[in-house]
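Have a look at the structure below before the remarks.
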Amino acid sequence: MQKFLLKGIVAGVILLVLSYAALWILVNFFPDMAEQYYNPVFDMEGDKTYLYFLHPFILSFALAWFWRRFKSLFHGTFWWRGIEMGLVYGLIATLPSMWITFSSLAVSFTLVLTWLLYGVFQGVIVGIVYAKISP
Amino acid sequence: MKKSPFFLLLMILGILGMSAASFAPGSPPEKKRYSIVKPSRLFLKGTTNINKFTCNCEDQFVFQELEVEVGDAASRFQNARLGMTTRKFNCKNGKMDRDLQKALKAEEHPKILIELLEARHKPEQMNNPEAGWFDVEAKVNLTITGVTKVKRIKAQARRISENQFALKGSEAVQMTEFGIDPPTAMFGLIKVDDLITFHFDLTVQVDPIGFN
């Protein structure tokens, strides 16, 4: 249990750093897209701020369980196992949720596409971390 | 189209033209009544590190009266205190509207207050209906979020008809000067620049009132 918690925290911290870096890149290199977040739909200030910064740990612990349960299905180097896990996560979790998000919310296709790609990226990063520290 | 009482401040500048043209310098204080007519517009412009924004003032306008004492080079005003409702700025973006109201502390200070003190002008320009656009400068007390600063606003005025004139100009204001923290978004990655500029382009109707 202790190892499980430690792995989840390690992966969560890495995702947390990457999530802020992704926002910084978005604002500084894709300002038109960043402007889309200046919308009442997005409530990223105030009391909900801590929820946003907790999401990397929600994901890391969820994928920690997933890795422990299904890691035997992924083969090859730790790089490839991590990439494959990220793609699997993107296919079964991120793609369906982004599909329904785009179909029901007033957000642009471009924005949803970035969320899909970012979700897969998160899965890949977590997969590589777990494939390395918990093969 | 709704107009803002803030416009009245600028209307004063045009009133000078009416007053100076009709009365000799040093005449006793005179009451005037005025309103804003179409086409008129007041808006503020600002920038962030990723975009620009424009917020139109949609406050309700009511007829106003004040007293003006016209001098050779300056006119002085009494009871020329105006209030502009903070919540009436429309940035066409609900989040930006909310952030602006929060920055201006709309709950504690529902009005931006403007007290006109005096206005400076060139008599020869005001007395010449063929002058076209002429320069005017107003000294005001501007109060935002309870902080008051003296400002000198420069504008241009032009007589359109006997009782109508046009006013246009702009005034830049630093939010931090009034103790306002420029709003931020996305965990501080998007920042509104400190300097915002008020723009006005007004058509003013002046109706003289007898002074007793």
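Going down the list, the sequences are from chains U and A.
For the record, in the first sequence the residue sitting at position 60 is 60 according to my numbering, with numbers rising by one throughout.
Basically my numbering = 1-based index in the second sequence + 135.
Even for Gly, the Cβ is constructed at its ideal location relative to N, Cα and C.
Every value quoted in this text rests on a predicted model; they were computed, and no experiment measured them.
CA-to-CA distance, residue j to residue i, given in whole angstroms
i, j, result
"A:E306", "A:E204", "25 Å"
"A:K138", "A:L179", "Residue placement at A:K138 is flagged as unreliable, the pLDDT there being 43, under the threshold of 50; a coordinate-derived value is accordingly withheld."
"U:F30", "A:N184", "12 Å"
"U:V129", "U:I14", "9 Å"
"U:I133", "A:I279", "57 Å"
"A:P160", "A:V285", "At A:P160 the pLDDT is 48, less than 50, meaning the model places this residue with poor confidence; the figure from the coordinates comes in the next sentence. For A:P160 and A:V285, the distance between alpha carbons rounds to 26 Å."
"A:K240", "A:N276", "19 Å"
"U:F53", "U:A64", "18 Å"
"U:G82", "U:Q122", "10 Å"
"U:S72", "U:F66", "11 Å"
"A:D234", "U:Y37", "14 Å"
"U:F140", "U:T77", "Examination of residue 140 of chain U is not possible in this model, given that chain U is present from 1 through 135 alone."
"A:N214", "A:T283", "17 Å"
"A:N225", "A:I288", "23 Å"
"U:R68", "U:L105", "34 Å"
Whole-angstrom C-beta distance between residue j and residue i, which should lie under 8 Å
i, j, result
"U:G127", "U:F57", "Their Cβ separation, rounded to whole angstroms, is 16 Å, which puts U:G127 and U:F57 out of contact at 8 Å."
"A:K237", "A:P318", "7 Å"
"A:E253", "A:K274", "5 Å"
"A:Y169", "A:Q340", "6 Å"
"A:N186", "U:E35", "5 Å"
"A:F335", "A:L302", "7 Å"
When the options are compared against residue i, the one with the closest alpha-carbon
i, options, result
"U:A22", "U:F66, U:Y89, U:G119, U:F74", "U:G119"
"A:F322", "U:E84, U:I125, U:K48, U:R69", "U:K48"
"A:N181", "A:V308, A:T338, A:F335", "Residue identity check: residue 181 of chain A is Gly in the sequence provided, not Asn. It is A:V308."
"U:L113", "U:I9, U:A64, U:I125, U:F102", "U:F102"
"U:T94", "U:L18, U:R68, U:L117", "U:L117"
"A:E202", "A:V282, A:I171, A:V172, A:E250", "A:E250"
"U:N39", "A:S210, A:N214, A:D232, A:L330", "A:D232"
"A:G304", "A:A266, A:K166, A:L324, A:R176", "A:R176"
"A:E312", "A:G281, A:T338, A:I325, A:G206", "A:G281"
Contacts that residue i makes with chain B (C-beta to C-beta distance below 8 Å)
i, result
"U:V27", "Judged by its chain identifiers, the structure shown contains no chain B, and its protein chains are U and A."
Quiz prompt | Segments assigned alpha helix (DSSP H), at least 4 residues, entirely inside the region 33 to 121 of chain U | solution = 49 to 70, 78 to 89, 95 to 104
Quiz item: Are the region 219 to 230 of chain A and the region 244 to 259 of chain A in contact at 8 Å, needing three or more beta carbon pairs?
Solution: yes
Quiz item: Is there contact between the region 268 to 276 of chain A and the region 292 to 305 of chain A, where contact requires at least three CB pairs shorter than 8 Å?
Solution: yes
Quiz prompt | 4-residue-minimum alpha helix (DSSP H) runs that sit fully inside the region 219 to 253 of chain A, ordered along the chain | solution = 229 to 238
Exercise. Would you list, in sequence order, the uninterrupted beta strand (DSSP E) runs of no fewer than 3 residues that lie entirely inside the region 266 to 346 of chain A?
Key: 269 to 279, 282 to 294, 299 to 309, 330 to 343
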